[in-house]
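Per the numbering used here, the very first residue in the sequence shown carries number 31; after that it's consecutive.
Think of the CB as a built atom: it goes at the ideal place given N, C-alpha and C, for glycine as much as any other residue.
Values in this document were obtained by computation on a predicted structure and should not be read as measured data.
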Amino acid sequence: MKKIKLCLLSVGILAFTACKKEKEDEVSSVDKTGSIETELSVEHIDNADVLITKHRIWKDKQLFREIIKKDTIPSLGDTLVGGEDSDGNDHIAKTKKDYEFFITVQ
31 MKKIKLCLLS VGILAFTACK KEKEDEVSSV DKTGSIETEL SVEHIDNADV
81 LITKHRIWKD KQLFREIIKK DTIPSLGDTL VGGEDSDGND HIAKTKKDYE
131 FFITVQ
């Protein structure tokens with residue numbers, strides 16, 4: 031069970047990293063004749079984060095089951111990011127640090 035939680039945490043971390051880059055292997059549709067579609071996300075709350083894992087199980091082109099699990103995980107804290115507003119002025123803002131997702135499929 032511990033290995034699964036670590037794997038899911040790793041998946042969440044990788045997904046956030048992948049979102050910031052060009053999506054080379056992005057899938058435009060899922061083969062619904064027999065597949066498991068998984069979505070991972072992290073929601074920032076005050077002093078913690080929430081890891082959200084959604085699984086959609088497809089069989090014979092119908093949604094057989096959807097499993098949603100939420101786990102509270104520690105926040106990584108804040109970080110400063112630089113940016114530019116619509117007038118071209120530089121500014122620095124504080125934002126929550128994101129986890130990286132690493133996925134292992136067996």
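For the set Asp76, Leu70, Asp120, the Cα lying nearest the Cα of Glu130 is the one of Leu70. Val72 is classed as buried because its beta carbon has at least 16 other beta carbons within 10 Å across all chains shown. Three or more Cβ pairs closer than 8 Å define a contact, and the stretch 75-95 meets that threshold against the stretch 103-110. Sequence-distant partners of Arg95 (beyond 5 residues in either direction) whose C-beta falls short of 6 Å from its own C-beta, in its chain, are Ile87. From the listed residues Asp117, Val135, Gly113, the smallest Cα separation to Thr125 is found for Gly113.
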